[in-house]
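K.L.:
Provided herewith is a single structure, encoded as C-alpha cells, for subsequent inquiry.
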Amino acid sequence: MGKRSNVTEFVFWGLSQNLEVEEVCFVVFSFFYAVILLGNLLIMLTVYKGNLFKFPMYIFLGCLSFVDICYSSVTAPKMIVDLLAKRKTISYEGCMLQVFGVHFFGCTEIFILTVMAYDRYVAICKPLHYMTIMGLGRCNKMLLGSWVGGFLHSTIQVALIVQLPFCGPNEIDHYFCDVHPMLKLACTDTYVVGVVVTANSGTIALGSFVILLISYTVILVSLRKQSTDGRRKALSTCGSHIAVVIIFFGPCTFMYMRPDTTFSEDKMVAVFYIIITPMLNPLIYTMRNAEVKNAMKKLWGRKVFREANDK
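In C-alpha cells:
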C-alpha cells in the first residue's frame, strides 16, 4: 500500500483528442443527459402520482428509472464538463468512487431487468396466479435483493483495485474510471485480479443475459396460446423489454466478458450503457406501454388543463 501514495490523481484522455469533436460531443451529451433526467423523473412521478406503484410492473419501472438517473450521474456530468476542460483530472478517491458507482448501479440495473423479465413471465404464462406469486412483499424482496447484489458486486470490484499499487503513469485512456483501464496502470502483475474481475462482472452480465433470453423465449412460445388481443399487448410490452436488454447487455457483455485487455472501441461502446440505455429506457417503456401513456395523459393532461383554466 505504501507505493500507492505516488499517485494522488488520474488524468483522463477523454472521448476524443479533437477539440471540435469534443465541442460537438459537449452539446450532444448535455442534451442526452437532460433527456435522461427529465424522462426518468417523468416516469417516477407518473408511477408515484398515478398510484401505479400498487402494481409490481410499475414498481420495477419506477425503480429502474431511479437507477438510470443514478447510473448515468456517476459518469455523465464529469464527462460533459471534461469535454471543455484542457486537463481532465480526477482524484484517487474520486476514481475509486466512480468505479464503485458504475458497478453498483450497473449491476443493480442488470438484476432489476432480470426481475422485470420474471414479472412478465408470470403475468403472461401464469396470469391467474399473478397476484399470488407477485405480491408486494415478494416485489420488495426482489428489489432489495437487486440492490444488495449490486452492492456486493461493486464492493468486490473496488476491493480488488484498492489493494493494487499505482506508482505512475497516471493517464487513463478513457473518460471515466473503470476496472480494465485501472488494471493497466497498476505497477504489479494484475493477471489474477483480472481473472477474478472478469469472472465477477462477466458471470453477472452473461448469466443474466442468458436467463433473460430463455425467459423471453418461453414467453414468446407461450403467446401462441393467447388470443390475438392478448398476444398483441404482451408482444408490445415484451418487445420494449427485449430492445432494452439487447442495447444494454450487448455492450456490457463485450466489455466485461473478456480478459484484462482494452480496445480503442471501448470508449464508444461504453457510451451505450452509460448514456444511450438510460436515455432510451423512458422512451421505450412509455411508447410501448399503453397504461403508462394513459396514466401520463390523465395526470399531466389534467394539470395542463387546470393551468389553462386558471389563466
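In terms of the working numbering, the sequence shown opens at residue 30 and continues consecutively.
Just so it is clear, CB atoms sit at the ideal spot from N, CA and C, and this is done for glycine as well.
Comparing alpha-carbon positions, which option in Lys-296, Tyr-314, Ala-319 lies nearest Leu-44?
P.N.:
Considering only alpha carbons, the answer is Lys-296.
K.L.:
Rounded to a whole number of angstroms, what is the C-alpha to C-alpha distance between Gly-91 and His-182?
P.N.:
Rounded to the nearest angstrom, the two C-alpha atoms are 23 angstroms apart.
K.L.:
What separation, rounded to the nearest whole angstrom, lies between the Cα atoms of Met-30 and Met-73?
P.N.:
Per-residue confidence for Met-30 stands at a pLDDT of 40, beneath the threshold of 50, marking its modelled position as unreliable; the derived number appears in the next sentence. Spanning the two alpha carbons is a distance of roughly 43 angstroms.
K.L.:
For Val-40, report the span of its alpha helix (DSSP H) as first-last.
P.N.:
Counting along the chain, Val-40 falls outside any alpha helix (DSSP H), though it belongs to the beta strand (DSSP E) covering 38-41.
K.L.:
For my contact list, Phe-134 and Cys-168 are in at a C-beta cut-off of 8 angstroms; report their separation, rounded to the angstrom.
P.N.:
Not confirmed; about 20 angstroms, so no contact.
K.L.:
Which residue wins for smallest C-alpha separation from Asn-35, given the options Ile-305, Gly-330, Leu-214?
P.N.:
Selected option, being the one with the closest Cα: Leu-214.
K.L.:
What is the DSSP secondary structure of Gly-31, reduced to helix, strand or coil?
P.N.:
Unreliable placement is indicated for Gly-31, whose pLDDT of 40 sits below 50; no coordinate value is reported for it.
K.L.:
Under a three-way DSSP split, which group does Lys-117 fall into?
P.N.:
Residue state, collapsed to three classes: strand.
K.L.:
Please classify Glu-122: does DSSP put it in a helix, a strand, or coil?
P.N.:
In the structure shown, Glu-122 sits in a helix (DSSP, three-state: H, G or I).
K.L.:
Helix, strand or coil for Glu-294? Go by DSSP, reduced to three states.
P.N.:
If DSSP states are grouped into helix, strand and coil, Glu-294 belongs with coil.
K.L.:
With a threshold of 8 angstroms, are at least 3 pairs of Cβ atoms found where one atom belongs to the region 128-144 and the other to the region 231-246?
P.N.:
Contact between the region 128-144 and the region 231-246 is present, because at least three Cβ pairs lie under 8 angstroms.
K.L.:
Going by C-alpha to C-alpha distance, which of Gly-79, Cys-216, Phe-84, Leu-93 sits closest to Pro-194?
P.N.:
Checked all of Gly-79, Cys-216, Phe-84, Leu-93; the closest Cα to Pro-194 is Cys-216.
K.L.:
Hey, Ser-120 and Thr-37: beta-carbon distance below 8 angstroms or not?
P.N.:
Yes. Within cutoff.
K.L.:
Would you kindly report the start and end of the unbroken alpha helix (DSSP H) that includes Pro-194?
P.N.:
Pro-194 -> no alpha helix (DSSP H), and no H or E assigned at all.
K.L.:
Where does the unbroken alpha helix (DSSP H) through Cys-92 begin, and where does it stop?
P.N.:
Looking at the DSSP string, the run of the alpha helix (DSSP H) that includes Cys-92 is 85-111.
K.L.:
Does DSSP put Glu-320 in a helix, in a strand, or in coil?
P.N.:
If DSSP states are grouped into helix, strand and coil, Glu-320 belongs with the helices.
K.L.:
Taking 8 angstroms as the threshold (C-beta atoms), are Tyr-150 and Ser-256 in contact?
P.N.:
Cβ atoms of Ser-256 and Tyr-150: not closer than 8 angstroms.
K.L.:
Please confirm whether Lys-326 and Thr-315 have their CB atoms less than 8 angstroms apart.
P.N.:
No, they are not a contact pair.
K.L.:
For Trp-42 and Ser-59, what's the separation of their Cα atoms in angstroms?
P.N.:
Cα-Cα distance, rounded: 19 angstroms.
K.L.:
If you pair each beta-carbon of the region 107-121 with each one of the region 49-57, do three or more pairs fall below 8 angstroms?
P.N.:
The region 107-121 is in contact with the region 49-57.
K.L.:
On the DSSP letters alone, give me the boundaries of the alpha helix (DSSP H) that Met-284 sits inside.
P.N.:
Where Met-284 is concerned, the enclosing alpha helix (DSSP H) stretches over 257-285.
K.L.:
Ordered along the chain, which non-local residues of its own chain (more than five positions away) have a Cβ less than 7 angstroms from that of Ile-109?
P.N.:
Within the same chain, Ile-109 has close Cβ partners Phe-55, Phe-58, Ser-59, Tyr-62.
K.L.:
To the nearest angstrom, how far is the alpha carbon of His-270 from that of Ile-185?
P.N.:
Going by the C-alpha atoms only, they are around 29 angstroms apart.
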